[in-house]
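The sequence shown maps to residues 25 to 272 in my numbering.
All C-beta atoms in this analysis are idealised placements derived from N, C-alpha and C, irrespective of residue type, glycine included.
Working notes, beginning with the structure itself.
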Amino acid sequence: SGRSPETPLLSSGSLIVDASRQVIIDGDASIRTADVAVALRRLQALVDSRGGLITSISSSTASEEGEANGWASMVIRIEPNGLDALLADIDSDESIGSITSESRSAQDVTEQLIEFDVRIENLRDSIDTVRRIMSEAVDIGDVVLLESELNRRQTELEVMLARRADIAGRVAMATLHLHLYEPGAPIVIDDPHPIIAGLGDGWSAMVSSLGTVAYASAASSPLIALGLVALIIVRRRRPAAGGTTRSV
25 SGRSPETPLL SSGSLIVDAS RQVIIDGDAS IRTADVAVAL RRLQALVDSR
75 GGLITSISSS TASEEGEANG WASMVIRIEP NGLDALLADI DSDESIGSIT
125 SESRSAQDVT EQLIEFDVRI ENLRDSIDTV RRIMSEAVDI GDVVLLESEL
175 NRRQTELEVM LARRADIAGR VAMATLHLHL YEPGAPIVID DPHPIIAGLG
225 DGWSAMVSSL GTVAYASAAS SPLIALGLVA LIIVRRRRPA AGGTTRSV
């Protein structure tokens with residue numbers, strides 16, 4: 025179905041974003057500057073004034089021979105509706121330099137967050153059910169079995185909550201990658217520490233995969249696993265077929 029005429033839109037550069045959707049916005053810009061050190065100090069002041077946060081900085085100053093070849097990379101988190109104003113401030117500030125290239129991307133994660141919410145709620149319900157069964161269990165074997173099941177579900181819940189919080193945080197705060205360079209310097213687009221960056225990307229991918237596996241498992245397994253636990257408990261309490269019952 026199409027967007028209703030009443031649905032508000034947010035603009036971020038060339039991106040037009042439906043305000044009713046949950047969207048992750050990432051930006052990238054290269055800046056030509058006369059003095060990287062001066063530009064960095066000015067950028068820190070601008071980011072603070074716009075309510076943003078600098079999460080990382082990597083830089084290299086001019087060489088001892090006086091060659092103008094300094095560069096820097098900076099990662100900024102800022103509210104999406106403040107991204108345009110920050111970039112305009114940067115481009116109009118002569119002490120920083122001029123933006124030579126800029127790009128942005130948007131990822132709609134609305135359905136993903138809704139799915140997380142549903143599965144988190146289902147998992148919380150199943151945890152409550154396990155706790156209720158535990159409160160009625162009298163056999164030590166049943167209690168041990170239920171405690172194991174409870175611990176597993178609580179771990180799955182923590183993974184899903186962390187993954188959802190990460191996505192929600194990226195929606196709330198856009199990410200802007202700035203690359204500053206002086207005339208004659210190589211334009212450093214990628215992280216100056218590729219090995220560390222690779223490890224970080226690998227870790228993020230692993231966490232993402234674990235989160236996906238966890239919430240997929242939680243969505244399909246609560247009733248099945250609880251049914252198995254209940255079946256085991258019932259079988260333990262049922263007398264063997266053909267056996268005799270002795271009163272004490």
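DSSP state of residue i mapped onto helix, strand, coil
i	result
histidine 201	strand
glutamate 180	helix
isoleucine 114	helix
serine 119	coil
alanine 161	coil
glutamate 145	helix
glutamate 173	helix
Span of the beta strand (DSSP E) around residue i
i	result
alanine 53	47-56
threonine 79	77-84
Opposing strand residues paired with residue i [DSSP bridges]
i	result
glutamine 131	Ile48
isoleucine 138	DSSP, once it has assigned bridges, lists no residue as partnering isoleucine 138.
isoleucine 100	Ile78 and Leu200
serine 150	Serine 150 pairs with nothing; no bridge assigned.
glutamate 206	In the DSSP output, where bridge partners are listed per residue, glutamate 206 has none listed.
Boundaries (first-last residue) of the alpha helix (DSSP H) holding residue i
i	result
alanine 69	60-73
Whole-angstrom C-beta distance between residue j and residue i, which should lie under 8 Å
i	j	result
methionine 98	isoleucine 144	Not really, about 35 Å apart at Cβ, beyond 8 Å.
arginine 66	isoleucine 120	5 Å
isoleucine 78	isoleucine 100	6 Å
leucine 170	isoleucine 157	6 Å
glutamate 180	leucine 147	6 Å
alanine 96	leucine 204	4 Å
Item to complete: Tell me, please, whether the segment 134-147 touches the segment 94-112 by the rule of three or more beta-carbon pairs shorter than 8 Å.
Response: When Cβ pairs closer than 8 Å are counted between the two stretches, the segment 134-147 is seen not to touch the segment 94-112, the count staying below three.
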